[in-house]
Structure formats: C-alpha cells, structure tokens
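Peer 1: Here's a structure for you.
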Amino acid sequence: MGIKEEFKKHGAKLDNMRWSVSAIATKPRQAVITVWEDRFPKKGNKRTYRIDTSGWTNRAGRTGTLTHLATASEKGLPVRMVMVRWADKQKKRKVFEARTEWTGYVQEVNESIFSVVFEKTDAESGEPTIEERLVLAAEAGAEFLTPPIDSSEDARQWALTTIAMRRGQAGFRTKLLKAYGGRCAITGCDVTATLEAAHILPFRGDHTYTVNNGLLLRADIHTLFDLGLIWIDADIKTQVATSLIGTSYADLRGRGLSAPVKKSNAPRQQYLAEHAEAAQAKHPRKSL
C-alpha cells in the first residue's frame, strides 16, 4: 500500500505527502517512522534500528523525523514502524507496510543520529507477551486511568503504549535512585535491580517526571502502590487495603516513609494526598 494508508494504520497523518516520512499520532499518542527493510536487523525479538541521517537528501523529512523522535524521547512515547523497501531492482517504486507487531522506544537521538530499540509481540497471537502483561499491572496510574478499549487491537495498542512509557522512565529512575540513596522508600530494600521509579500521580506530561512526584519502590510494592492497594496517609505512614490484611504485606501498615537524602526531593504532600484519596475510593476501608 501507499505510505499515507500505512501511516493511517498506526493512527498517524503525514504533514506533507511530498517529504514527510514520520509523524506523531494522537490516538494512541505515539511516534511513527519509516524503517528501511534492508537496514533493519534480521534476527531476534529485540532489534536496534540505528540510522545516521547526515547524508539524507530529504532535508525536511530528516528534520521532521529527528523532531518527532526527540518528542517521543522527551514524552516517553512509543515508536511504531512503517516498513519500506524497493519494489523493483531499478529502485523506482517503493512499497510501504505498517508492521503492527513491533513497538519501540528511543534509545538515542541527536542532530544527526537516532536509534530506536524495537521489540516484537507474540508472533502467533499478536497480543502482548506474558512479560508485557505483567508490566501493565505496575504502570503508574494504569488502574486509575483505565483506557477506552473497544477491540483487541485497541487493547494491544494501549498495552504497547503503556510499556513504552514505562521504559521511557530511565532518567526518572536514576534521579530517584540518587534521591533515596538506592533504597526502597517503604521497605528499605537496597537491591538495585528490584527498585523502580513510581509516579505518585499518573504520567501527564513532562511536569510529572519530577522527583517530588516520585517514589523509589521495590517492584512488588510499586505494583501495589499503582493499584491503590498501598498508599501514604497524612502522617506520612504507609497504609494498606483491607484485602492485604492477612498477607505478608499487612506488616507495612503504619510504617513510616523514608525521607530522601535531600529535603528538597521529598514527595509533595498534595500528590500523596491525591493518590491516597484515589486509592481509598477504589478500595474503601473496612473495619480491620
């Protein structure tokens, strides 16, 4: 099919049919770029597509692509691909194909070079893998901001978007690791590999990627926090939903939240209060 029709399959519209080779889609919000088949790695479910654009003759397309990828990197947006190849040996006609089984995230982008790491979903079902489904449960705000899903394709698109947003948090996590001295703010766990950057309020743009809107939490605590099963009360004490009473997590009830190394990095109480209110509305407290 033509490039216009294939971009539409990702919900994207090209700015200019004469030179556009990338776009930012709005539903779902994601970057879409053309990927040359002969330059895309041939093996593996995880492949890095790295391109030096300094030699591109399509200057407007080059600027557009780098701008769109910079936006994806800054906003934590997923990247989708439209594969392109030559239809004939004379290189007179191109063939485009939206490859919906791949989703990516920006690894690097500067004034001339970009690299995107693409990962493949379950090839047989077209659905997210088990690992991807587990990540969904822990995505900040995923349970509070349930998306409208009208089809399996909507569900898959939302899943991939959510995963890519989570992977876009590398810088956010680094800041929180430093702020909390590499320890979980609730459990004190210091095993770095298990620690994750948790948003207090759901991701709503760059302003939510601040240390004051984050907590460094062990992966399982992060999941419970995002699901509203754990929250921090007005006394900066940990509270748990009644469904956790009788489990090993019940011991967290009343435990104080560790303060970051610098007071200026402390979580904003307003954010904690909003999270606590949403959590308790979802899991009303019963007599314990």
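So the sequence shown is numbered by the working numbering: it starts at 75 and just counts up by one. Glycine included, every Cβ here is placed at the ideal spot set by N, Cα and C.
Would you call Val183 buried or exposed, if buried means 16 or more other Cβ atoms sit within 10 Å of its Cβ?
Peer 2: buried
Peer 1: Whether or not the segment 76-89 and the segment 170-178 are in contact is what I'm after, with contact meaning three or more pairs of Cβ atoms, one per stretch, closer than 8 Å; do they touch?
Peer 2: yes
Peer 1: Does DSSP put Asp309 in a helix, a strand or coil?
Peer 2: coil
Peer 1: Can you tell me the Cβ-Cβ gap for Ser189 and Thr139, rounded? I've got them flagged as a contact below 8 Å.
Peer 2: That belief does not hold up - the Cβ atoms of Ser189 and Thr139 are roughly 12 Å apart, past 8 Å.
Peer 1: Sort out for me which residues DSSP pairs Val190 with in a bridge.
Peer 2: Tyr123, Val180
Peer 1: Please report the straight-line C-alpha distance between Trp110 and Lys149, rounded to a whole angstrom.
Peer 2: 25 Å
Peer 1: Note down the Cα distance separating Tyr323 from Gln313, rounded to an integer number of angstroms.
Peer 2: Their Cα atoms are separated by approximately 10 Å.
Peer 1: Can you say whether Ala146 is buried or exposed, counting buried as having 16 or more other CB atoms within 10 angstroms of its CB?
Peer 2: So Ala146 counts as buried.
Peer 1: Per DSSP, which residues does Gln104 bridge with? Please list them.
Peer 2: Ala99
Peer 1: Look at Trp130 and Met155 and say whether their C-beta atoms are less than 8 Å apart.
Peer 2: no
Peer 1: Can you tell me whether Ile295 is buried or exposed? The criterion is at least 16 other CB atoms within 10 Å of its CB, across all chains shown.
Peer 2: buried
Peer 1: Return the first residue and the last residue of the beta strand (DSSP E) that Leu290 is part of.
Peer 2: 288-292
Peer 1: Which residue from Cys258, Phe192, Leu301 puts its Cα closest to that of Val106?
Peer 2: Comparing Cα-Cα distances from Val106 to each of Cys258, Phe192, Leu301, the minimum goes to Phe192.
Peer 1: Where does Thr248 land, buried or exposed, given buried means 16+ other C-beta within 10 angstroms?
Peer 2: Within 10 angstroms of the beta-carbon of Thr248 lie fewer than 16 other beta-carbons, which makes it exposed.
Peer 1: Can you look up Ile274 in the DSSP assignment and give me helix, strand or coil?
Peer 2: coil
Peer 1: To which residues of the same chain is Leu331 closer than 6 Å at the C-beta, ignoring the five residues directly before and after it?
Peer 2: Ala259, Ile306, Ile310
Peer 1: Ordered along the chain, which non-local residues of its own chain (more than five positions away) have a Cβ less than 8 Å from that of Asp126?
Peer 2: Ser186, Ile187
Peer 1: Which two residues bound the contiguous beta strand (DSSP E) that contains Arg154?
Peer 2: 153-160
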